[in-house]
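A short write-up of the structure that comes next.
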Amino acid sequence: MHRAWSVGNFALLEIKIMKTMQTIAIIGASGNMGSAISKSLSKGNYRLLLCAREQDKVQAVVEEIRSSNPAAAVEAIDCSVEASWEADIIIVAVPYEAEKEVAQKIREVSNQKIVISISNPLNSSYNGLVTAPDTSAAEELQKSLPNAKVVKAFNTTFAADFSTPVIDGRQADAFVAGNEEDALRTVSELVSTAGFNPLLAGDLSVSRTLENMQLLLIQLNMKYNYNWLAGWKILHQ
Ligand SMILES: NC(=O)c1ccc[n+]([C@@H]2O[C@H](COP(=O)([O-])OP(=O)(O)OC[C@H]3O[C@@H](n4cnc5c(N)ncnc54)[C@H](OP(=O)(O)O)[C@@H]3O)[C@@H](O)[C@H]2O)c1
């Protein structure tokens, strides 16, 4: 009897774990940011579906993750549409210029899902943004995916920061902005799993400021040679 209860409880626990494990599609997973995000999230309770156009590069990221964490639930998947269809959360880790094309592909399969915009729409000389002052990359993505819950996150963290999110003894902040409470909560948890301090910054229009903040950080990085290991920290009492 006791044994039957234990087995039953085990089964229940297993079902609960399966239910709470969210699936995340990372589009652009072979890039600087996509691979850094994939590696850090593979330590959390997530199932990761990695994709990009060149499949062999994605497979190399999967193998690197598996070699350091054999228990990681991570796989390479050939198509961003299929990955996004399976996912609860979609991270668009491609250059800004590629976002419209990606959005067109995943439009139907991203309905009511959280889509994370990490991009900074920098111009080619890194002295300005290509977006108009009354919009942002995140808001443009939301326009292309009207039925998704777009959340801005990870745009103010450099790819190199993911291996050491504690910089000069302080945990770097990662600003999160969006219009939906539940989506903000979910993305904040994901940011914590990646090792950063999530800071709710406001609605999606705050992305205009966040994208300009990263433009400044890039300019400072080049001026003072931070070696791409730099981040934002709001000091407060
Ligand atoms: N690097 C940073 O430190 C940093 C920091 C904050 C935010 N960001 C933002 O993160 C995004 C990615 O930057 P990154 O430095 O990681 O760029 P990256 O190294 O050039 O990687 C771009 C990734 O996107 C994929 N890709 C490109 N075009 C695509 C398309 N049309 N469809 C599907 N996948 C495509 C690439 O693989 P394939 O070519 O094989 O498809 C690659 O996996 C950018 O929006 C950037 O502003 C970067």
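The sequence shown lines up with residues 71 to 307 when you count with my numbering. Every residue gets a Cβ at the ideal spot worked out from N, C-alpha and C, and that includes glycine.
Remark: C-beta atoms of residue 175 and residue 158 do not approach each other more closely than 8 Å. Beta bridge pairing from DSSP links residue 118 with 94 and 144. Not one heavy atom of ligand 1 falls within 7 Å of the beta-carbon of residue 177. Positions of the beta strand (DSSP E) runs, each at least 3 residues long and wholly inside the segment 222 to 278, are given as 243 to 248 and 267 to 272 in order along the chain.
Per DSSP, reduced to three states, the secondary structure at residue 155 is helical.
Excluding the 5 residues flanking it on each side, residue 275 has no same chain C-beta neighbour closer than 6 Å. Contact between the segment 195 to 205 and the segment 232 to 243 is absent: fewer than 3 CB-CB pairs across the two stretches fall below 8 Å. Remark: the C-beta of residue 122 is in contact range of ligand 1, defined as less than 7 Å to any heavy atom. Secondary structure of residue 303 (DSSP, three-state): coil.
Counting the other CB atoms within 10 Å of its CB gives residue 103 a total of 16 or more, which places it among the buried residues. Each residue's CA atom was taken as its position, placing residue 171 and residue 281 some 21 Å apart.
Three or more Cβ pairs closer than 8 Å define a contact, and the segment 258 to 272 falls short of that threshold against the segment 283 to 299. DSSP, reduced to helix, strand and coil, places residue 183 outside both helices and strands of the structure shown, so it counts as coil. For residue 169, the enclosing alpha helix (DSSP H) starts and ends at 166 to 176. When the Cα atoms are used, residue 97 and residue 121 turn out to be separated by approximately 5 Å. Annotation: the continuous alpha helix (DSSP H) that includes residue 126 extends over 125 to 138.
A contact is defined here as three or more CB-CB pairs under 8 Å, and the segment 140 to 148 meets this definition with respect to the segment 106 to 119. Exposure of residue 255 is indicated by the presence of fewer than 16 other C-beta atoms within 10 angstroms of its C-beta. For residue 229, same chain residues with a beta-carbon under 6 Å away, outside a window of 5 residues either side, are 102, 103 and 106 in chain order.
Distance between residue 197 and residue 90, taken at the CA atoms: about 43 Å. Going by DSSP, residue 193 is part of no alpha helix (DSSP H) at all; its letter is neither H nor E. Comparing alpha carbon positions, the residue from 129, 155, 208 and 305 closest to residue 163 is 208. Rounded to whole angstroms, the gap between the alpha carbons of residue 190 and residue 225 is 6 Å.
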